[in-house]
Ligand code: FES
Ligand code: FES
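Chains as they are written, first to last, in my numbering: chain A, 344 to 495; chain B, -10 to 738.
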């Protein structure tokens, strides 16, 4: 049994320390917004923030984040007017929607570090897969979110 | 990247304004979750209660309208477009519209009331529009009659608009919610006519999808997200193709934490294998990985890609059944001034939906429940009933959001497997989930590979006088015989080649079916995903051999075609119009630097039997670096608009999104086989298209036409790959005759 801090709350979990954080979030704690796509750090569907940094939770052992602050999409949407969420709705990004929580977590981390990313920054940083192919809309939404942030 | 929409009103229709009663695109996020227009669990209505006025429509006491949608939501926004088609006729206030899945159980209880529940073949709008419009119009008339009864006035004096019924002479009003209960009992003598496109006020507007927030906020329930009290989890491994489970040693894993049982999955044909059940999926998966399992590998144990493609190659050397035989190919090729020939090859593909296949099931003595994202909920009811002997009226399929469909989701064994496991669990629910590796290696419905040989004869002036196309291909699991064809053939393997849009006097099409051990099935655009790659590349080769510009050459060949080579009266003219449009918008002919080239391709769907078309034309522009790296510069699309498109936002997104799907496959993706098994397992060896691969510029022009288009979700998959490969040829002089492109060295000096 160990304790994880997720979205500001403490959760006691009874799993092996090497269980990937993804499965602890989804199956043990019941936060299913974080998705499984590949399990090998290729797709980014499972992206969460660990102390504000984007991390792929499918390859992050739960035991390695004890004491850290984990934020999932559920935590992010507590602020429904978050600029990234607003931009996502305004650009109508999602198709099937499955990859989108991971995309949004990756993008918010990028914008926290770099509020005005260039297209090259986006190409380099946003490597999440979207099988539906919403990349054009994602890029537009990132620029829109960046503008919203600048406006304050 | 920029996306430019053409605005030339003479030929193009692109509405950028928000029109009609549509919710403004770009409206702010709604302040509270209660305003949800689709339930997080989409098989449940967003709000309970209301008057069930039709199988399709519920009117709430709060004057809301909930529309039951008989198609599955997998990214194409059917909850929105199908609801729009009803709202258009019902004259209800769009801001009050909600949507929910139609219930497959009710479908069977009420004599298949929801008609076509399978979501495939781009048919949601094509086959649903008239039904949805009629359902909306019918209820609107009943509401008007109810108001007339209420006031005891002639129905002709009642106007229905924005969910309000107004008695014109007096200005009195009632809401839909106020008269719905009375309207339930009203029967119409005659169903009303439905609106023609010129009368639409909502259809064609850019509305925001009803479920956009759910999807952006991570609140949409996909099959993988279903959680039930006391639920167990299962990880599975399927038997090799043609093989079966021989033995397994559960004792070796049974003391691992959380492990519950191992369940051999038998009696479900090719979907069989072994499952490990545990209290979490991770524990089930890791236990499965170490459990000793012995397989009877069956007859395919030694077979691989080379065997499959060798069999195709052998058949390419043999004359095949002549499926089409126009004129006299043999004589014409002998008389030709010049000949061109080559062999083409396309690889097997996996769907690799972002959400791996899964299904949750609960089986009790007299009731079965399954939860999954499925393209065929009605079919799932039947299979679950068959497997459990529980009558269909007691089988409930709770359709979820689909994390990608692309053909066959829900029909790839998920239901059979989950139900088989659940049967052993005394009523406890179980969530069965395939790992990504299982999903890539054993998806049960691969897009089949195949080859095509062509031989063309040209006259001295370059005009093609003879063409032979000989196909040798793996076949779709469910072959469709072509009506009226002289020899039996498989529609999907030759579709698009059976009726060319080009005037070539002596044309022969031969087709060899070479069934492999690989299970195959529908993939986005089905067989035309490769037949049009072959055809449009071959036409390009012929143009090159003729010394002609490939776009001008196509114009010449379309002009030379007979009218009956096209599905409807204006199609030939529309092909020519689309070609003119794409020529102009792509700056065709404008000089490009060395290493950069443009390629063109066209398609209109060419369905068998005919069921409507969507005329499209694509110009791709690519740069190939000296090192052989491909950069996508620009794509220009002309897309048939028909008389109307329900939601242009959704369609434009589908158009752009077919680039990653198609170019990703053409560039990098290939499922290969060795020792009877699929080699690739995850996105490291089956690489996906990513953000950095996107073209810098995408331009879309809609072409208005007289028809209702056949669809918009997959129509560009066929022409995109050849346009791309033709552009590579223009850039490098290297002809891509086999996919994926990554197998070719494109470097140049
Ligand atoms: S599931 Fe973690 S990167 Fe794909
Ligand atoms: S929206 Fe479907 S995978 Fe990205």
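Virtual Cβ for every residue (Gly too), placed ideally from N, Cα, C.
Practice task
Helix, strand or coil for residue 692(B), going by three-state DSSP, please let me know.
Solution key: Here residue 692(B) is taken as the residue at index 703 of the second chain, counted from 1. Residue 692(B) falls in the strand class under three-state DSSP.
Handout entry: The alpha helix (DSSP H) enclosing residue 564(B), as first and last residue numbers
Key = Position 575 of the second chain, counted from the start, is the residue given in the question as residue 564(B). Run containing residue 564(B): 560 to 574, per the alpha helix (DSSP H) assignment.
Practice task
Step through the CB atoms of chain A and report whether any lies within less than 8 Å of the CB of residue 222(B).
Solution key: The sequence position of residue 222(B) within the second chain is 233, counting from 1. Yes, residue 222(B) counts as interfacial toward chain A.
Handout entry: Any non-hydrogen atom of ligand 1 within 7 Å of residue 670(B) CB
Key = Mapped onto the second chain, residue 670(B) falls at position 681. Proximity of the beta carbon of residue 670(B) to ligand 1 is not indicated: no heavy atom of the ligand is located closer than 7 Å.
Practice task
Output the distance between the C-alpha atoms of residue 166(B) and residue 699(B), rounded to the nearest integer angstrom.
Solution key: For the purposes of this step, residue 166(B) is identified with residue 177 of the second chain, where counting begins at 1. For the purposes of this step, residue 699(B) is identified with residue 710 of the second chain, where counting begins at 1. Cα to Cα, the separation comes out at about 36 Å.
Problem - Beta-carbon neighbours of residue 421(B), restricted to chain A and to distances below 9 Å - result: Walking along the second chain from the start, residue 421(B) turns up at place 432. Ordered by position in chain A, no residue passes the 9 Å Cβ test against residue 421(B), which lies about 14 Å from the chain.
Practice task
Compare the Cα-Cα distances from residue 118(B) to each of 371(B), 76(B), 738(B) and report the closest residue.
Solution key: Translated into the one-based positions of the second chain, residue 118(B) becomes position 129. Ranking the options by Cα distance to residue 118(B), first place goes to 76(B).
Handout entry: Amino acids of chain B, ordered along the chain, whose beta-carbon sits closer than 7 Å to that of residue 442(A)
Key = Sequence index remark: in the first chain, residue 442(A) carries index 99 (1-based). By Cβ distance, chain B contributes 343.
Exercise for the section: Enumerate in chain order the residues of its own chain whose CB-to-CB distance from residue 659(B) is below 6 Å, with the five nearest sequence positions on each side excluded. Expected result: Along the second chain, read from residue 1 onward, the residue named residue 659(B) stands at position 670. If we look at residue 659(B) and ignore the five residues flanking it on each side, its Cβ neighbours are 336, 729.
Exercise for the section: Alpha carbon to alpha carbon, how far is residue 345(A) from residue 637(B)? Give it in angstroms, no decimals. Expected result: Taking the second chain and counting its residues from 1, the one referred to as residue 637(B) is at position 648. Taking the first chain and counting its residues from 1, the one referred to as residue 345(A) is at position 2. Whole-angstrom Cα-Cα distance: 51 Å.
Exercise for the section: Taking all protein chains shown into account, decide if residue 769(B) is buried (16 or more other Cβ within 10 angstroms of its Cβ) or exposed. Expected result: The question about residue 769(B) has no answer, for chain B in this structure spans -10 to 738.
Exercise for the section: Could you tell me the boundaries of the alpha helix (DSSP H) in which residue 527(B) lies? Expected result: Working through the second chain from its first residue, we reach residue 527(B) at position 538. From DSSP, the alpha helix (DSSP H) with residue 527(B) extends over 517 to 535.
Problem - Cross-chain neighbours of residue 677(B) in chain A, by beta carbon under 9 Å - result: As a first step, residue 677(B) must be located in the second chain, where it is residue number 688. Correct list: 385, 386, 472, 473, 474.
Handout entry: chain B residues whose Cβ lies nearer than 8 Å to that of residue 497(A)
Key = The requested residue 497(A) is not part of the displayed model; chain A covers only 344 to 495.
Problem - DSSP three-state assignment for residue 213(B), whether helix, strand or coil - result: Position 224 of the second chain, counted from the first residue, corresponds to residue 213(B). Residue 213(B): helix per DSSP, three-state reduction.
Practice task
Look up residue 334(B) in the DSSP assignment and give the residues it is bridged to.
Solution key: Taking the first residue of the second chain as 1, we reach residue 334(B) at position 345. Note: residue 334(B) sits in a beta bridge opposite 440(B), 727(B).
Handout entry: Closest residue to residue 152(B) among 86(B), 198(B), 72(B) (Cα-Cα distance)
Key = What you label residue 152(B) is simply residue 163 of the second chain in a count that begins at 1. Measuring from the Cα of residue 152(B), the nearest candidate turns out to be 86(B).
Exercise for the section: Report all residues for which the CB-ligand distance to some heavy atom of ligand 2 is below 6 Å; order them along the chain. Expected result: 437(A), 438(A), 439(A), 440(A), 441(A), 442(A), 443(A), 473(A), 474(A), 475(A), 477(A), 64(B), 343(B), 393(B)
Practice task
Have a look at residue 148(B) and residue 174(B) and give me their C-alpha separation to the nearest angstrom.
Solution key: If you number the second chain from 1, residue 148(B) lands on position 159. If you number the second chain from 1, residue 174(B) lands on position 185. Each residue's alpha carbon lies about 20 Å from the other.
Handout entry: Uninterrupted beta strand (DSSP E) stretches inside the segment 357 to 440 of chain A (no shorter than 3 residues)
Key = 390 to 393, 396 to 399, 412 to 414
Exercise for the section: Under 7 Å between beta-carbons, which chain A residues line up against residue 214(B)? List them in chain order, please. Expected result: Within the second chain, residue 214(B) is the residue found at index 225, counting from 1. Within 7 Å Cβ-Cβ: 375.
Handout entry: Cβ pair residue 735(B), residue 613(B) closer than 8 Å
Key = Here the question's residue 735(B) lines up with position 746 in the second chain. Here the question's residue 613(B) lines up with position 624 in the second chain. Against a cut-off of 8 Å, the Cβ pair of residue 613(B) and residue 735(B) comes out as a contact.
Exercise for the section: Run the proximity test for residue 333(A): is its beta-carbon closer than 7 Å to any non-hydrogen atom belonging to ligand 1? Expected result: Past the boundaries of the shown model lies residue 333(A); chain A is included only from 344 to 495, so the question cannot be answered.
Exercise for the section: Tell me residue 387(B)'s beta-bridge partners as DSSP assigns them. Expected result: By 1-based counting over the second chain, the position of residue 387(B) is 398. DSSP output for residue 387(B) lists 360(B) as bridge partner(s).
Handout entry: Closest residue to residue 622(B) among 585(B), 634(B), 650(B) (Cα-Cα distance)
Key = Here residue 622(B) refers to the residue found at position 633 of the second chain. Answer by Cα proximity: 585(B).
Handout entry: Alpha carbon of residue 478(A) to alpha carbon of residue 646(B), nearest angstrom
Key = In the first chain, counting from the first residue as 1, residue 478(A) sits at position 135. In the second chain, counting from the first residue as 1, residue 646(B) sits at position 657. So the alpha carbons of these two residues sit roughly 8 Å apart.
Problem - residue 485(A) in three-state terms, based on DSSP - result: As a first step, residue 485(A) must be located in the first chain, where it is residue number 142. If DSSP states are grouped into helix, strand and coil, residue 485(A) belongs with the helices.
Exercise for the section: Measuring only between beta-carbons, confirm whether residue 479(A) sits less than 8 Å from chain B. Expected result: The residue given as residue 479(A) occupies position 136 in the first chain. Chain B contact via Cβ: present.
Handout entry: Closer than 8 Å to chain A by CB, residue 391(B)
Key = For the purposes of this step, residue 391(B) is identified with residue 402 of the second chain, where counting begins at 1. With 8 Å as the cut-off, residue 391(B) counts as an interface residue toward chain A.
Practice task
With DSSP as the reference, label residue 171(B) as helix, strand or coil.
Solution key: Here residue 171(B) refers to the residue found at position 182 of the second chain. In this structure, residue 171(B) counts as helix in the three-state DSSP scheme.
Practice task
Using a Cβ-Cβ cut-off of 8 Å, state whether residue 362(A) counts as contacting chain B.
Solution key: Start at 1 with the first residue of the first chain, and residue 362(A) comes out as number 19. Output row for residue 362(A): interface = yes.
Problem - Close beta carbons around residue 362(A), own chain, < 6 Å, minus the five adjacent residues each side - result: Within the first chain, numbered from 1, the residue matching residue 362(A) stands at position 19. 405.
Exercise for the section: Could you please give the first and the last residue of the uninterrupted beta strand (DSSP E) stretch that includes residue 109(B)? Expected result: In the second chain, residue 109(B) corresponds to position 120, counting from 1. Unbroken run through residue 109(B): none, as it is neither H nor E.
Practice task
Find the nearest neighbour of residue 382(A) within the set 452(A), 401(A), 445(A), judged by alpha-carbon distance.
Solution key: The sequence position of residue 382(A) within the first chain is 39, counting from 1. The shortest C-alpha separation from residue 382(A) is found at 401(A).
Exercise for the section: Step through the CB atoms of chain A and report whether any lies within less than 8 Å of the CB of residue 218(B). Expected result: For the purposes of this step, residue 218(B) is taken as the residue at position 229 of the second chain. It does not; no Cβ of chain A falls within 8 Å.
Handout entry: residue 486(B) vs residue 524(B) beta-carbon contact at 8 Å
Key = The residue given as residue 486(B) occupies position 497 in the second chain. The residue given as residue 524(B) occupies position 535 in the second chain. Yes, these two residues count as a Cβ contact at 8 Å.
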